[in-house]
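The structure appears right after this line, and notes come after that.
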DNA sequence: ATCCGAAATGTAAGCGTTGACATTTCCATT
DNA sequence: AATGGAAATGTCAACGCTTACATTTCGGAT
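Chains as they are written, first to last, in this note's numbering: chain A, 655 to 994; chain B, 655 to 994.
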């Protein structure tokens, strides 16, 4: 049987309330008592029961995190940012993997609710209107990361400006002499991010007077194999179309595209330039090092936590709601060739 | 205010105990009552409070997971395996990142203890004797993954046979005509896995009558940059030593080594063969695809959970303790050249 | 010495569940 | 109709902690 607050109290010759106070409001207890109780705690190896505390104060010092998939390569950085910032505020994070399923994501909310989380960070490709009922009923703050809000419920969204970033990526390519630029975009139907990046691509072309050709864009679900397959389809359209560069909506897809090109005996960047999106840790590990736009995943996570902490403190379920754009950055490496 | 079990009870005209029973022992309640209570729950959107339940039954349906670092590339797979198997048993996993620090790892135990976890999966480079006091005092089962037990406390360890696997890797290299094989090993001092793999390397050489030359081995801490630096040191020793292949103790270090080689204008596998260890998802994404030994991370995690579940049920803190070797597998890809 | 307010500590109820035990209901026997 | 026992339900304390409120202690001002 673990040692409880009462055991400590008895051993120290005080009441449980006093022990509780040395834990939570040490300023309220006599310095002598404080020392005594503390040393007793030490001696007895007392560790407060977070569950009991949670029940008593009616909320745990915990925030929930719902992610679409643990194995998504961006997950690690995002989690790191969230975890570290949470710790700074004495919060614990409870993880929930929605496995890219809408139903599981929805379940996630009530699951986390059962754990009395003080707030929830939600990451997903998409937040649609079917979330509204749940969201509305939730009496704890929710922050979105890496997603655009599309539901009616006002929710803050922490992300980069995907349109702008992709626009700049195209501009970068153009500045290197490219005019025939393909796109491997995110699956449109179920994903707002994919749409935003595609729009950025279109705007980029338009801005430089390059006509948009739908044949130059293929779609995928952000994974390596999707990138590979999309590149393959692009290649199959030759010689109908010709490309000097491909812009992928995610690093993983960019790697897939590169692999596909390599398998066809094409070299990057000599024969084809490829850019990605995300700047995953692996982007700098591969050959050629991938030119891409960096998303500050850790900052995005940390920022979301900060917002949550504030919202929790204010007891508003919606502090300053809106889109919070975090700065992206084009990381120039080796996967783009300059055309004269 | 969330709806509680008593609210449901009132609304359904039964006692809280009955509601509790429909939740936990539906067989004990009249089918009519069952339906009624259930529909009331539905209607009121009742979600049981896991915290209160945990306090009442004196343990949460939760297991703790302590990992050395979230950003370690193998983490995702391991977590996935653990999470999925846990779910199957109605368990939730609570994550704790020790950030590669011994102190934090130790803290992890009491932290998780505070959450009344029913068991703990511990992953780390090293479990030394200083863990013993804590481990011994813990009244919940603990399973190790990816680590060898070095502490006195008997703990089950789920991992691959590192010695054997590295041995086979060397054998593979030899079968491809290599005799001058370098090694990028794990930092010896603080890491048993590193030692095991080095031993496998030595045994491999010995088995094939190749003299062991300490100048051919360099050390790193498993990260990309360590691999890069170690490869650099190896290269610097030329022409004192000559190498046709390098065996890295981790995929990430193998990638670092490859980058280093590339930066020196050397091609893999034409100029140098490289093998890794882990078979991370990225191993198949890079060019050349990395030949490596696959660790079944997900299975390792799942297996550990299964053991834990059993130990929890048996209420032994140590069911069948010992080393559980999971099958590894050499994955032959493109980073090794056959020498005639 | 006396009194007062502040400081320190104690008391006890309550957080939402569960589970041992007690009570009631119901049905099959007789 | 009476009875026994199983089935269904209810009562209440307990889980470990916090917190509002009550009580005691203390030090200074009178």
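Even for Gly, the Cβ is constructed at its ideal location relative to N, Cα and C.
It should be emphasised that the depicted structure is a prediction, and the values quoted were computed from it without experimental measurement.
Practice task
Find the residues of chain A that neighbour residue 729(B), judging by a C-beta separation of less than 7 Å, and give them in chain order.
Solution key: The residue given as residue 729(B) occupies position 75 in the second chain. Neighbours of residue 729(B) on chain A, chain order: 730.
Exercise for the section: Would you mind telling me which residues of chain B sit closer than 8 Å to residue 939(A), beta carbon to beta carbon, in chain order? Expected result: Counting from 1 along the first chain, the entry for residue 939(A) is found at position 285. Those within 8 Å of residue 939(A) in chain B are 878, 906, 909, 910, 913, 936, 940.
Problem - Under 7 Å from the C-beta of residue 708(B): neighbouring residues of chain A - result: Locating residue 708(B) in the second chain gives position 54, where the first residue counts as 1. Per Cβ cutoff of 7 Å: 705.
Exercise for the section: Starting from the Cα of residue 753(A), find the closest Cα among 734(B), 909(B), 986(B) and give me that residue. Expected result: Residue 753(A) sits at position 99 when you count from the first residue of the first chain. The candidate whose alpha carbon is nearest that of residue 753(A) is 734(B).
Handout entry: Collapsed DSSP secondary structure at residue 943(B) in the structure displayed
Key = By one-based count along the second chain, residue 943(B) stands at place 289. Three-state DSSP puts residue 943(B) in coil, outside helix and strand.
Practice task
Determine whether the Cβ of residue 966(B) lies closer than 8 Å to any Cβ atom of chain A.
Solution key: Along the second chain, read from residue 1 onward, the residue named residue 966(B) stands at position 312. Chain A, which has no Cβ nearer than 8 Å to the Cβ of residue 966(B), makes this no.
Practice task
Would you mind telling me which residues of chain B sit closer than 7 Å to residue 702(A), beta carbon to beta carbon, in chain order?
Solution key: As a first step, residue 702(A) must be located in the first chain, where it is residue number 48. Correct list: 768.
Problem - Range of the contiguous beta strand (DSSP E) that encloses residue 837(B) - result: Mapped onto the second chain, residue 837(B) falls at position 183. It spans 835 to 840 - the beta strand (DSSP E) in which residue 837(B) sits, taken as one unbroken run.
Handout entry: Interface partners of residue 986(B) on chain A, CB under 7 Å
Key = Sequence index remark: in the second chain, residue 986(B) carries index 332 (1-based). Per Cβ cutoff of 7 Å: no residues; residue 986(B) is ~17 Å from chain A at best.
Practice task
Would you mind telling me which residues of chain A sit closer than 9 Å to residue 774(B), beta carbon to beta carbon, in chain order?
Solution key: Residue numbering aside, residue 774(B) sits at position 120 when the second chain is read from its first letter. Per Cβ cutoff of 9 Å: no residues; residue 774(B) is ~14 Å from chain A at best.
Practice task
Please report how far the alpha carbon of residue 842(B) lies from the alpha carbon of residue 873(B), in whole angstroms.
Solution key: Walking along the second chain from the start, residue 842(B) turns up at place 188. Walking along the second chain from the start, residue 873(B) turns up at place 219. Spanning the two alpha carbons is a distance of roughly 8 Å.
Practice task
Check whether the Cβ atoms of residue 724(B) and residue 751(A) lie closer than 8 Å to each other.
Solution key: Here residue 724(B) refers to the residue found at position 70 of the second chain. Here residue 751(A) refers to the residue found at position 97 of the first chain. Not a contact, by the Cβ cut-off of 8 Å.
Problem - Proximal chain A residues relative to residue 777(B), where beta-carbon distance stays under 9 Å - result: What you label residue 777(B) is simply residue 123 of the second chain in a count that begins at 1. Near residue 777(B) there are no residues of chain A at all, since even the closest Cβ is about 15 Å away, more than 9 Å.
Practice task
Give a yes or no on whether 8 Å exceeds the smallest Cβ distance from residue 751(B) to chain A.
Solution key: Working through the second chain from its first residue, we reach residue 751(B) at position 97. Residue 751(B) counts as touching chain A.
Exercise for the section: Look up residue 739(B) in the DSSP assignment and say whether it is helix, strand or coil. Expected result: Taking the second chain and counting its residues from 1, one reaches residue 739(B) at position 85. Reduced to three states, the DSSP call for residue 739(B) is helix.
Exercise for the section: Can you check the segment 771 to 829 of chain A for any alpha helix (DSSP H) of at least 4 residues that lies completely inside it and give the ranges in chain order? Expected result: Those alpha helix (DSSP H) runs which fall completely within the segment 771 to 829 of chain A and span 4+ residues are 786 to 791, 816 to 829.
Problem - When 960(A), 886(A), 945(A) are compared against residue 952(A), the one with the closest alpha-carbon - result: One-based indexing of the first chain puts residue 952(A) at position 298. Taking the Cα of residue 952(A) as reference, the smallest distance to any Cα among 960(A), 886(A), 945(A) is reached at 960(A).
Problem - Whole-Å CB distance - residue 908(B) paired with residue 944(B), under 8 Å assumed - result: As a working note, residue 908(B) is residue 254 in the second chain. As a working note, residue 944(B) is residue 290 in the second chain. Sure, about 6 Å apart at Cβ, within 8 Å.
Practice task
For chain A, find out if any of its Cβ atoms is closer than 8 Å to the Cβ of residue 933(B); answer yes or no.
Solution key: Here the question's residue 933(B) lines up with position 279 in the second chain. Cβ-Cβ to chain A under 8 Å: no for residue 933(B).
Practice task
Note down, in chain order, each residue of its chain lying with its Cβ closer than 7 Å to the Cβ of residue 728(B), except the 5 sequence neighbours on either side.
Solution key: Translated into the one-based positions of the second chain, residue 728(B) becomes position 74. The answer, listed in chain order, is 932, 934, 951.
Problem - Residue span of the beta strand (DSSP E) that contains residue 983(A), given as start and end - result: Locating residue 983(A) in the first chain gives position 329, where the first residue counts as 1. Counting along the chain, the beta strand (DSSP E) containing residue 983(A) begins and ends at 983 to 985.
Problem - Beta carbon proximity, residue 725(A) to chain B, threshold 8 Å - result: Taking the first residue of the first chain as position 1, residue 725(A) is located at position 71. Chain B, which has a Cβ nearer than 8 Å to the Cβ of residue 725(A), makes this yes.
Problem - Where residue 918(A) falls, given that 16 or more other Cβ within 10 Å makes a residue buried - result: Here residue 918(A) refers to the residue found at position 264 of the first chain. It is exposed - the Cβ of residue 918(A) has fewer than 16 other Cβ atoms within 10 Å.
Practice task
Counting only the same chain and skipping the five closest in sequence on each side, list residues whose C-beta sits under 7 Å from that of residue 949(B).
Solution key: Reading the second chain from its first residue, position 295 is the one you call residue 949(B). 814, 932, 933, 982.
Exercise for the section: Anything in chain B within Cβ reach of residue 791(A), meaning under 9 Å, just list it in chain order. Expected result: Counted from its first residue, the first chain places residue 791(A) at position 137. Under the 9 Å cutoff, chain B gives 699.
Practice task
Note down, in chain order, each residue of its chain lying with its Cβ closer than 8 Å to the Cβ of residue 922(B), except the 5 sequence neighbours on either side.
Solution key: Along the second chain, read from residue 1 onward, the residue named residue 922(B) stands at position 268. Within the same chain, residue 922(B) has close Cβ partners 912, 915, 916, 928, 942, 989.
Exercise for the section: Report all residues from its chain with a CB closer than 7 Å to the CB of residue 788(B); omit the five preceding and five following residues, and keep chain order. Expected result: In the second chain, counting from the first residue as 1, residue 788(B) sits at position 134. If we look at residue 788(B) and ignore the five residues flanking it on each side, its Cβ neighbours are 760, 763.
Problem - residue 910(B) versus residue 721(A): straight-line alpha-carbon distance, rounded - result: Taking the second chain and counting its residues from 1, one reaches residue 910(B) at position 256. Taking the first chain and counting its residues from 1, one reaches residue 721(A) at position 67. Roughly 29 Å separates the two Cα atoms.
Exercise for the section: Give me the Cα-Cα distance between residue 802(A) and residue 865(A), rounded to the nearest whole angstrom. Expected result: The count along the first chain starts at 1 and reaches residue 802(A) at position 148. The count along the first chain starts at 1 and reaches residue 865(A) at position 211. Roughly 28 Å separates the two Cα atoms.
Practice task
Find the residues of chain A that neighbour residue 678(B), judging by a C-beta separation of less than 8 Å, and give them in chain order.
Solution key: For the purposes of this step, residue 678(B) is taken as residue 24 along the second chain, with counting starting at 1. Residues of chain A passing the Cβ test: none, with the nearest at roughly 14 Å.
Problem - Option in 776(A), 839(A), 887(A), 975(A) with minimal Cα separation from residue 747(A) - result: For the purposes of this step, residue 747(A) is taken as residue 93 along the first chain, with counting starting at 1. Answer by Cα proximity: 776(A).
Exercise for the section: Compile a chain-ordered list of the residues in the segment 732 to 745 of chain A whose CB is closer than 8 Å to at least one CB of chain B. Expected result: 733, 734, 737
Practice task
Answer with yes or no whether the minimum CB distance from residue 916(B) to chain A is below 8 Å.
Solution key: Counting from 1 along the second chain, the entry for residue 916(B) is found at position 262. Interface residue, yes.
Exercise for the section: Classify residue 682(B) as buried or exposed, calling it buried when 16 or more other Cβ atoms lie within 10 Å of its own Cβ. Expected result: Taking the first residue of the second chain as 1, we reach residue 682(B) at position 28. Result: exposed.
Exercise for the section: Just tell me which of 771(A), 820(A), 862(A), 807(A) has its CA closest to the CA of residue 704(A). Expected result: The count along the first chain starts at 1 and reaches residue 704(A) at position 50. Taking only the C-alpha atoms, the option nearest residue 704(A) is 771(A).
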